[in-house]
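Heads up: the sequence lines are chains A and B, in that order.
Numbers in the numbering used here are just positions in the first sequence, counted from 1, shifted up by 727.
Numbers in the numbering used here are just positions in the second sequence, counted from 1, shifted up by 624.
Some notes on the structure that comes next.
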Amino acid sequence: MAKYLLSVHSVDGEVREPMTDEEMQQSFKQVMAFQEEMKSAGVWVFGGRLTEPATATVVRMSAGQVLTTDGPFAESREHLGGFYIIQAEDLDAALGWASRVTDLIGQPIEVRPFWDEPGA
Amino acid sequence: MDELGAALGPDQAEVGRIFREESGRCVAALIRLFGDIDIAEDAVQEAFAVALAKWPGDGLPPNPGGWLTTTARNRAIDRLRRESRGRELLREAAVLSSDEHDPGGAEETDTVEDDRLRLIFTCCHPALSTEAQVALTLRLLGGLSTRDVARSFLVAEQTMAVRLVRAKRKIKAARIPYRVPADHELPDRLRPVLTVVYLVYTAGLDGPAEPGLCPEAIRLARILATLMPDEPEVAGLLALLLLTESRRASRTRQDGTLVLLADQDRTRWDRALIAEGQGIVRSCISRNQPGPYQLQAAVNAVHADAPTAGQTEWPQILTLYDQLLAIAPTPVVALNRAIAVGEVYGPAAALALVEELDLDNYHRFHATRADLLRRVGRDGEAADAYHRAAEMAPTDAERDFLQRGGRAARGSQA
Chain A
728 MAKYLLSVHS VDGEVREPMT DEEMQQSFKQ VMAFQEEMKS AGVWVFGGRL TEPATATVVR
788 MSAGQVLTTD GPFAESREHL GGFYIIQAED LDAALGWASR VTDLIGQPIE VRPFWDEPGA
Chain B
625 MDELGAALGP DQAEVGRIFR EESGRCVAAL IRLFGDIDIA EDAVQEAFAV ALAKWPGDGL
685 PPNPGGWLTT TARNRAIDRL RRESRGRELL REAAVLSSDE HDPGGAEETD TVEDDRLRLI
745 FTCCHPALST EAQVALTLRL LGGLSTRDVA RSFLVAEQTM AVRLVRAKRK IKAARIPYRV
805 PADHELPDRL RPVLTVVYLV YTAGLDGPAE PGLCPEAIRL ARILATLMPD EPEVAGLLAL
865 LLLTESRRAS RTRQDGTLVL LADQDRTRWD RALIAEGQGI VRSCISRNQP GPYQLQAAVN
925 AVHADAPTAG QTEWPQILTL YDQLLAIAPT PVVALNRAIA VGEVYGPAAA LALVEELDLD
985 NYHRFHATRA DLLRRVGRDG EAADAYHRAA EMAPTDAERD FLQRGGRAAR GSQA
């Protein structure tokens, strides 16, 4: 088994068709059902949707001191909108789950393997 | 001993040839046994070095492929036993499991054939770029050295080495599986495999640097056709390559310039390849599951049937392009269909179709347009179109050919 990060990348200013309340509820239900399915299949490790990048804070070492600053690490039009961490047998299995996610949310999904920690 | 050895054993070039022939099989078997491409490649290279040292003196073993695989396996085990990480890997690897039989044994053949099929699907996984797919396939299945792969695609050896390392790293890190896809996945997964084999062939056809790629592509296509006898497009690809190959020798003059299909010396076409290709096309037709490769093969089968260019059954070719355009409605197919229209209904009809196409960046579009303009007597425009085509031509042979066309058109204009 290997772990994979399935990440959703949003682009600032990319306007999506606004959803009605009903559609939003429907979509939420589908995502919840999908997550339940991942859990019962033993695939789920963790996942969630992130708040907008403006809510981010960065800490870094500066002259031996921790310096706290406002904002995302990189000023970019593209940012991480949310992710799943899954465990799967191989890339084909991971791509299978990722295909389900992209179909569900209509956004591209990047699939990236975690470093294989010996003994992990 | 030396004299006797010289009489018994193959020379170094022959050992090299046998190695190329067998190395894909060996690498594939070792990847299954050790689950690691680098270990497999290194061990098979070591076995090759041993073969180079031993075979010329001792003579060929009865089963050279089996000998290479067994030797490579033993070398890999010896090397892994010397390292603690290797010992760990050996415990996990299939190589020491009790049900594993000797890879040199005769009963292995089926598994080994499957190994090569698994390997080509790994090399051509859609998660890898097409460039990486082609390079990996030539390196791992074709047994080409990194230098030869680099030369075939006109890139520096170092660039190719980096490309191969990255691709192998991705296979390992992302766990691209080493297996034949399930039936429902096959249509999607087979497409890049066929594309890679086709690209290997055309690289050999267009790049005089590595004419060995053409037979290599045909060898790969034959392997696929043997391993997947029920896939009509695999048969179609093999037939297309065989029929194209039958004309390769008559396609260029001694000085490297290009000879058009219509002007080729048809007595030089390879009749054995044509017979084999046409046989496959006939069985595809009776199977009646047409696809792009089968239809292109059928077009080539019709050309091969014509004793002279003037006797070509163009209406039949046009029907095949109609079918192809219905399945694969791309501008390039439409361009080829327009050429057939030109032969059946005349250049004016073809020109009208060609002018509709959005292929401004494709040299063959301009070359076709140039030829049609010349045939309808618009020589000035023809000369310009030849010029555009020549500017974009990917090979010197094609550029020469198009420049000569341009000069001829200019000449008739004056």
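Beta carbons are placed, not taken as given, at the ideal position from N, Cα and C, and that holds for glycine.
{"Check": "Rounded C-alpha distance that separates residue 831 of chain A from residue 764 of chain A", "Outcome": "13 Å"}
{"Check": "Three-state secondary structure assigned by DSSP to residue 745 of chain A", "Outcome": "coil"}
{"Check": "CB contact check: residue 729 of chain A to chain B, cutoff 7 Å", "Outcome": "yes"}
{"Check": "Cβ-Cβ separation, residue 775 of chain A to residue 785 of chain A (assumed contact under 8 Å), whole Å", "Outcome": "Actually they do not touch by this definition, with Cβ atoms about 20 Å apart."}
{"Check": "Straight-line Cα distance separating residue 855 of chain B from residue 899 of chain B", "Outcome": "21 Å"}
{"Check": "Within chain B, the residues that residue 807 of chain A reaches when beta carbons sit closer than 8 Å", "Outcome": "Chain B residues near residue 807 of chain A: none, gap ~19 Å exceeds 8 Å."}
{"Check": "Residue 880 of chain B burial status per 10 Å Cβ neighbour count (16 or more: buried)", "Outcome": "exposed"}
{"Check": "CB contact check: residue 798 of chain B to chain A, cutoff 7 Å", "Outcome": "yes"}
{"Check": "CB of residue 874 of chain B within 7 Å of CB of residue 892 of chain B, strictly", "Outcome": "yes"}
{"Check": "Complete alpha helix (DSSP H) runs within the stretch 954 to 981 of chain B (minimum length 4 residues, chain order)", "Outcome": "955 to 969 and 971 to 979"}
{"Check": "Host alpha helix (DSSP H) of residue 824 of chain B (start-end)", "Outcome": "810 to 830"}
{"Check": "C-beta contact flag for residue 949 of chain B and residue 957 of chain B at 7 Å", "Outcome": "yes"}
{"Check": "The stretch 636 to 654 of chain B in contact with the stretch 674 to 692 of chain B per 3-pair CB rule at 8 Å", "Outcome": "yes"}
{"Check": "Selection of the stretch 745 to 760 of chain B by Cβ proximity to chain A, strictly under 8 Å", "Outcome": "749 and 751"}
{"Check": "Straight-line Cα distance separating residue 768 of chain B from residue 843 of chain A", "Outcome": "30 Å"}
{"Check": "Proximity below 7 Å, CB of residue 976 of chain B to CB of residue 1003 of chain B", "Outcome": "no"}
{"Check": "Bridge-paired residues (DSSP) for residue 806 of chain A", "Outcome": "A:737"}
{"Check": "CB contact check: residue 811 of chain B to chain A, cutoff 7 Å", "Outcome": "no"}
{"Check": "In chain order, each alpha helix (DSSP H) run of at least 4 residues that lies wholly inside the stretch 832 to 916 of chain B", "Outcome": "837 to 851, 856 to 869 and 895 to 911"}
{"Check": "Cβ separation of residue 858 of chain B and residue 818 of chain B, assumed to be a contact under 8 Å, to the nearest whole Å", "Outcome": "7 Å"}
{"Check": "Ranges of the beta strand (DSSP E) found wholly within the stretch 759 to 810 of chain B, counting only runs of at least 3", "Outcome": "none"}
{"Check": "Backbone secondary structure at residue 1025 of chain B - three-state DSSP", "Outcome": "helix"}
{"Check": "Exposure label - residue 844 of chain B; buried when at least 16 CB within 10 Å", "Outcome": "buried"}
{"Check": "Any chain A beta carbon closer than 7 Å to residue 730 of chain B", "Outcome": "With a pLDDT of 42 at residue 730 of chain B, under the threshold of 50, the modelled position of that residue is not reliable, and no figure is offered here."}
{"Check": "Close beta carbons around residue 646 of chain B, own chain, < 7 Å, minus the five adjacent residues each side", "Outcome": "688, 689 and 692"}
{"Check": "Closer than 7 Å at the beta carbon, the chain A residues around residue 801 of chain B", "Outcome": "817, 818 and 819"}
{"Check": "Close-in-space but distant-in-sequence residues of the same chain around residue 821 of chain B (CB under 6 Å, 5 per side omitted)", "Outcome": "841, 844 and 845"}
{"Check": "Alpha carbon of residue 852 of chain B to alpha carbon of residue 747 of chain B, nearest angstrom", "Outcome": "17 Å"}
{"Check": "Residue burial classification, residue 766 of chain A (beta-carbon count within 10 angstroms, cutoff 16)", "Outcome": "exposed"}
{"Check": "Cutoff 7 Å: residue 835 of chain A Cβ touching any chain B Cβ", "Outcome": "no"}
{"Check": "Cβ-Cβ distance between residue 804 of chain A and residue 735 of chain A below 7 Å", "Outcome": "no"}
{"Check": "Beta-carbon proximity list for residue 722 of chain B, same chain, < 6 Å, skipping 5 on both sides", "Outcome": "Legend: pLDDT at residue 722 of chain B = 39, less than 50; position of this residue unreliable, value from coordinates given subsequently. If we look at residue 722 of chain B and ignore the five residues flanking it on each side, it has no Cβ neighbours."}
{"Check": "Beta-carbon proximity of residue 994 of chain B to residue 1010 of chain B, cut-off 7 Å", "Outcome": "yes"}
{"Check": "Beta-ladder partner(s) of residue 773 of chain A, from DSSP", "Outcome": "A:812"}
{"Check": "Whether residue 774 of chain B touches residue 784 of chain B by CB criterion (7 Å)", "Outcome": "yes"}
{"Check": "Residue range of the unbroken beta strand (DSSP E) whose run includes residue 793 of chain A", "Outcome": "792 to 797"}
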